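Working notes for the structure below.
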Amino acid sequence: GAVVSQHPSRVICKSGTSVKIECRSLDFQATTMFWYRQFPKKSLMLMATSNEGSKATYEQGVEKDKFLINHASLTLSTLTVTSAHPEDSSFYICSASAGGYNEQFFGPGTRLTVL
Amino acid sequence: GEDVEQSLFLSVREGDSSVINCTYTDSSSTYLYWYKQEPGAGLQLLTYIFSNMDMKQDQRLTVLLNKKDKHLSLRIADTQTGDSAIYFCAETTSSASKIIFGSGTRLSIRP
Numbered sequence: 001g002a003v004v005s006q007h008p009s010r011v012i013c014k015s016g017t018s019v020k021i022e023c024r025s026l027d028f029q030a031t032t033m034f035w036y037r038q039f040p041k042k043s044l045m046l047m048a049t050s051n052e053g054s055k056a057t058y059e060q061g062v063e064k065d066k067f068l069i070n071h072a073s074l075t076l077s078t079l080t081v082t083s084a085h086p087e088d089s090s091f092y093i094c095s096a097s098a099g100g101y102n103e104q105f106f107g108p109g110t111r112l113t114v115l
Numbered sequence: 001g002e003d004v005e006q007s008l009f010l011s012v013r014e015g016d017s018s019v020i021n022c023t024y025t026d027s028s029s030t031y032l033y034w035y036k037q038e039p040g041a042g043l044q045l046l047t048y049i050f051s052n053m054d055m056k057q058d059q060r061l062t063v064l065l066n067k068k069d070k071h072l073s074l075r076i077a078d079t080q081t082g083d084s085a086i087y088f089c090a091e092t093t094s095s096a097s098k099i100i101f102g103s104g105t106r107l108s109i110r111p
């Protein structure tokens, strides 16, 4: 149980385009989803926390207009990187929780490369 | 503030025990975790320990917590090639509503 999927697993896009990444909880209802960014050989940086049906809470320094998060249902959250630039290239990982931040189940990640 | 630190690399011989160490600064930790990340993949929760526990054992994994020194360790007995991965130490605290990760320790296994 507690499986979280992400789609796509890998995406390459041109600078200036927008990219949408989906995060789904496959066998449980996720009241809260989290989006992380991982730089090479670095730790995971929490970008934002989203609760179903409400606006996401962004961490300090994360541009909410740049990284749009939607959590429209209990099984799906999306992260849209708008007007992507090469510095947005990274590994994006989502996690989902049915009961708070203590127990999070992680997706397999999405590798974004912006040319 | 919250800070979790780990050494970046560890190399062990196949069959030996691996010990990965972690220190943290926030004394209000509630849960402490060990996650495993294989190349190109997300994080897999290996084990976790409540902050009021000293030790937890689960098959080949042993977690030791020294609250006084704010030190957490993960011991992997009989290390195998499949244990090669990055291991992240993490914590949640009563003050921060999020999981705080260390920078990860890359474990490599030599024959």
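The listed protein sequences correspond, in order, to chains A and B. Residues 1 to 115 (the working numbering) are what the first sequence spells out, left to right. Residues 1 to 111 (the working numbering) are what the second sequence spells out, left to right. Note that beta-carbon positions come from the ideal geometry of N, C-alpha and C, so glycine has one too. As the structure is a prediction and not an experimental result, all values here were calculated from the model.
Residues sharing a beta bridge with residue i, DSSP
i: I109(B); result: V12(B)
i: R75(B); result: V19(B) and T62(B)
i: T110(A); result: Y92(A)
i: Y35(B); result: L45(B) and F88(B)
i: N70(A); result: T78(A)
i: L26(A); result: None; L26(A) has no bridge partner.
i: A48(A); result: W35(A) and Y58(A)
Cα-Cα separation between residue i and residue j, rounded to whole angstroms
i: L46(A); j: A96(B); result: 12 Å
i: R110(B); j: W34(B); result: 22 Å
i: R24(A); j: K98(B); result: 20 Å
i: D27(A); j: A56(A); result: 23 Å
Burial state of residue i (16 or more Cβ within 10 Å)
i: T17(A); result: exposed
i: K36(B); result: buried
i: E5(B); result: exposed
i: M33(A); result: buried
i: T81(B); result: exposed
i: R37(A); result: buried
i: E91(B); result: buried
i: H71(B); result: exposed
i: S90(A); result: buried
Under 8 Å, with one C-beta from each stretch per pair, do the stretch 8-15 of chain A and the stretch 98-113 of chain A reach the 3-pair mark? yes
Counting pairs of Cβ atoms below 8 Å between the stretch 72-90 of chain B and the stretch 8-23 of chain B, do you hit three or more? Yes, the stretch 72-90 of chain B touches the stretch 8-23 of chain B.
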